[in-house]
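Numbering (my numbering), first residue to last: 54 to 150.
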């Protein structure tokens, strides 16, 4: 099993209540129904007020590296990634569970 973690830092001028953030989060919620390779999928806003904390996070899991790479290139994933790239800086890591 492979974990895929993503952190999102909203760009200057983009607030949590921005309609683009809501649209990106909603689109993200649909991905498990569209991409069968997703085995676990949890995402949401950061709960702490620490300035070092990122604004939003995703924890997901895939059976193996082939499934993870298939997700990266999946046609349902790419528009969601584009939405987030417009409004946030992203950092991610992938590791074996």
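Note that the Cβ used here is the ideal one computed from N, Cα and C, for glycine as well.
Excluding sequence positions up to five before and after residue 145, its CB lies within less than 8 Å of the CB of 57, 58, 59 and 60, all in the same chain and listed in chain order. With a cut-off of 8 Å on Cβ pairs, the segment 85-100 is in contact with the segment 112-120, counting three or more such pairs.
For residue 74 against residue 84, the beta-carbon gap comes to about 16 Å, at or over 8 Å, which does not count as contact. A Cβ-Cβ contact shorter than 8 Å links residue 88 with residue 130. Just measuring C-alpha positions, the residue of 103, 82, 149 and 107 sitting nearest residue 96 is 82.
Linking residue 143 to residue 77 through their CA atoms gives a straight-line distance of about 13 Å. Sixteen is the threshold: when 16 or more other Cβ atoms of the shown chains lie within 10 Å of the Cβ of residue 141, as they do, the residue is buried.
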